[in-house]
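Here the structure is laid out as C-alpha cells; the discussion comes afterwards.
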Amino acid sequence: MDARKAADCHVPTLPDWITDAVASVGTLPRRDAQIAFAIDLARRNVDHATGGPFGAAIFDEEGRLIAVGVNRVVPLRSSLAHAEIIALVAAQQKLGRARLNGDGRRYTVANSSQPCCQCYGAIVWAGVDMLLIGARAADTESLAGFDEGPLPEDWTGGLERRGIQVIRDLGREAACTVLKAYAARGGPIY
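Residues are numbered in the working numbering as their position in the sequence shown, beginning at 1, plus a constant of 2.
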C-alpha cells in the first residue's frame with residue numbers, strides 16, 4: 003500500500019452509542035461514580051455487541067470527563083484496541099500532549115477491570131495519577147476466559163512508586179456482572 007492510500011484509511015475507534023452514553027455526563031468528582039461510569043460503558047459495549055466487556059474513562063482532578071474507551075479488539079481486528087488504550091489516546095489527542103499530567107494537573111483512569119500487561123505499560127507512560135479498578139484479573143480470567151498476560155509480581159507497588167495511586171475493587175460486583183453477561187452471550191475469547 004502506498005503512503006497516499008495508507009493516509010486515506012479511516013478506522014473508527016468508538017461505537018456510535020458512545021455519543022449518547024457521554025452526553026449527560028457532567029462532573030463526577032466521586033471515585034465510586036467514576037468507576038460506575040466505566041463499568042456502565044463496559045455493560046453497554048456488551049449489550050450493543052460492539053466489543054469486549056471492558057470500559058475506561060479518564061477524568062481530571064475536578065472530575066470532568068476527558069475521554070472514554072471501550073474494548074474494540076474484535077470489531078477493529080486489533081490486539082491494541084483495549085478500552086484503556088483507546089481512552090488514553092483520545093485524552094492525549096484532546097489535551098494535545100502525550101503525558102496527560104504534563105500541565106501539572108492530576109488525572110484519573112477508571113477501569114471496569116484490572117489492566118492487562120499491555121495497558122499496564124501504557125498507564126506507566128501516560129501521565130496519570132490515579133487508577134481506579136473494578137474487577138480483578140482473576141475475575142476477568144475465571145468469569146470471561148481472558149488471558150490478561152504477565153504483570154510484575156508487585157504491579158500495584160510498581161505503579162505507586164511511580165506516583166500512580168491504585169484503588170482496587172471499586173464496584174467489583176457490578177464489573178463481574180458485566181463479565182458474566184459477556185461470557186453468557188458466548189462473546190469471542192481472545
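No residue lacks a Cβ here, since even glycine has one placed at the ideal position from N, Cα and C. Quick caveat: nothing in here was measured; it's all calculated off a predicted structure.
Under 8 Å between C-beta atoms of residue i and residue j
i    : j    : result
R108 : A137 : no
A69  : G57  : no
E155 : T142 : no
A183 : V48  : yes
A85  : Q94  : no
G1   : I88  : In the structure as shown, the chain starts at 3 and stops at 192, and residue 1 therefore has no counterpart that could be examined.
L23  : R46  : Residue identity differs from the one stated: residue 23 is Ala in this sequence, not Leu. Yes, the Cβ-Cβ distance between A23 and R46 is below 8 Å.
L1   : L30  : No answer is possible for residue 1: it lies beyond the span of the chain, which begins at 3 and ends at 192.
L153 : L181 : no
A40  : N113 : yes
Residue range of the unbroken alpha helix (DSSP H) whose run includes residue i
i    : result
S80  : Here S80 belongs to no alpha helix (DSSP H), and DSSP marks it neither H nor E.
L181 : R174 to A186
G159 : W157 to R163
Nearest neighbour of residue i, chosen from the options [CA to CA]
i    : options                   : result
P77  : E150, P17 and C119        : P17
L172 : L161, G151, S115 and G188 : S115
W157 : S144, Y122 and M132       : Y122
V126 : G53, I20 and R163         : R163
G54  : N73, A38, A40 and L67     : N73
R32  : I20, F61, G159 and D42    : F61
A186 : G147, G159, G160 and V27  : G147
Nearest-angstrom Cα separation, counted from residue j out to residue i
i    : j    : result
V111 : S81  : 20 Å
Q167 : H50  : 32 Å
C178 : I169 : 17 Å
R79  : V130 : 27 Å
P117 : E63  : 21 Å
R6   : T15  : Because R6 sits at a pLDDT of 48, beneath the cut-off of 50, its placement in the model cannot be relied upon, and the following sentence gives the value as read from the coordinates. Those two C-alpha atoms are separated by around 21 Å.
D4   : L134 : Caution is warranted here: a pLDDT of 49 is assigned to D4, below 50, making its placement in the model unreliable, and no coordinate value can be reported.
L97  : M132 : 18 Å
T21  : V27  : 11 Å
DSSP bridge partner residues for residue i (one or two, in chain order)
i    : result
D62  : Y109
I169 : L134
S115 : A137
T29  : R66
Beta carbon proximity, residue i to chain C, threshold 8 Å
i    : result
R164 : No chain C appears in the structure shown, which is made up of a single protein chain.
Where the beta strand (DSSP E) through residue i begins and ends
i   : result
A89 : Counting along the chain, A89 falls outside any beta strand (DSSP E), though it belongs to the alpha helix (DSSP H) covering A85 to L97.
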